[in-house]
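Right, one structure below, let's go through it.
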Amino acid sequence: MPTAGFPVLRGACKDIGRMFDRHTIRNALFLALVMTILTAMAPAAYAVVGDLISEDEAYTGDLVEQGLENGRLPDEALLEVDGSQRRCSLEADAARWWVRLVDTAAADGVQIEAAWCYRSIASQRQTYIRNCGGIGAPQSACNKATATPGRSNHGWARAIDVTSGGLQIDCRSVAFRWLSDHGAEYGWVHPWWAMCGGDTPEPWHWEWGGIVSGPRPAVGAGIRPD
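Okay, so the sequence shown: first residue is 86 according to this note's numbering, each after it adds one.
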């Protein structure tokens, strides 16, 4: 069988291989450069998000493991955030992610405010007496949905009631739609029992479901020092 063409064929294959290697390396370097530029240009609020621990209610397992009690959180576990009320304190991790959420919403032209946050056990009791007629009254006697003292996620400082422009948000408000689209990116979820169209709709009530990954946000301008 004639073999005179084999050296030429082998040479052509080597040339193609060298060209392929050069193109592959060039393309890889170009892609890396593009990704670096895009990452640098991305808004900081979207640069880091994490995965939810709890998708439809507050995550409290870590607080229980620390021996903390609902409505009796120590001051060092709380951070005060800006809001429409004089004082609005959240558990530290929830507060950091809340401020990040509020800043991102503001950049999108949406005003979101913290109105009611942590409730001590004494505050929970006062609320129950006011809404239900007495501390020993059954929940069926309450004139609005009210948690039994010691069972409210406000007592874990990982629940928040939201206003926009000083007004409580509703199911049709821009702020509610924004939270529904983006809240979970920062760990903030709308609990199942508060869903619009349900028996006890509370579009203003949101809870921090926890973030399982992603760096912890630094203390921002929206957090007041103690």
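Glycine included, C-beta positions come from ideal geometry on N, C-alpha and C.
Every value quoted in this text rests on a predicted model; they were computed, and no experiment measured them.
Three-way DSSP call (helix, strand, coil) for Trp289 in this model: coil
Extent of the continuous alpha helix (DSSP H) to which Asp246 belongs: Where Asp246 is concerned, there is no enclosing alpha helix (DSSP H), although the beta strand (DSSP E) it sits in stretches over Ala244 to Ser249.
Reduced DSSP category for Val195 - H, G, I as helix; E, B as strand; rest coil: coil
Which listed residue (Ala226, Glu198 and Tyr203) has its alpha carbon closest to that of Leu164: Tyr203
At least 3 beta-carbon pairs within less than 8 Å: the stretch 182 to 198 vs the stretch 248 to 263: yes
Proximity of Glu292 and Ala244 at Cβ, strictly below 7 Å: yes
Sheet register partners of Val274 (DSSP bridge): Glu292
Whole-angstrom C-beta distance between Gly294 and Leu137, which should lie under 8 Å: 5 Å
Assigned exposure category for Gln170 - 16 Cβ within 10 Å defines buried: exposed
Per-residue burial, Glu198 [other beta carbons within 10 Å of its own, 16 or more giving buried]: buried
Assigned secondary structure, Glu150 (DSSP; H/G/I helix, E/B strand, else coil): helix
C-beta atoms of Trp183 and Val166 nearer than 7 Å: yes
DSSP-derived helix/strand/coil call for Gln170: coil
Buried or exposed by the 16-neighbour rule on C-beta atoms within 10 Å, applied to Asp160: exposed
Residues bridged to Glu140 (per DSSP): Bridge partners of Glu140: none, in fact.
Coil, strand or helix - Leu186 by DSSP: helix
Trp277 burial status per 10 Å Cβ neighbour count (16 or more: buried): exposed
For Gln209 and Gly168, believed in contact at Cβ under 8 Å, the rounded distance: Not quite, the Cβ-Cβ distance comes to about 19 Å (not below 8 Å), so this is no contact.
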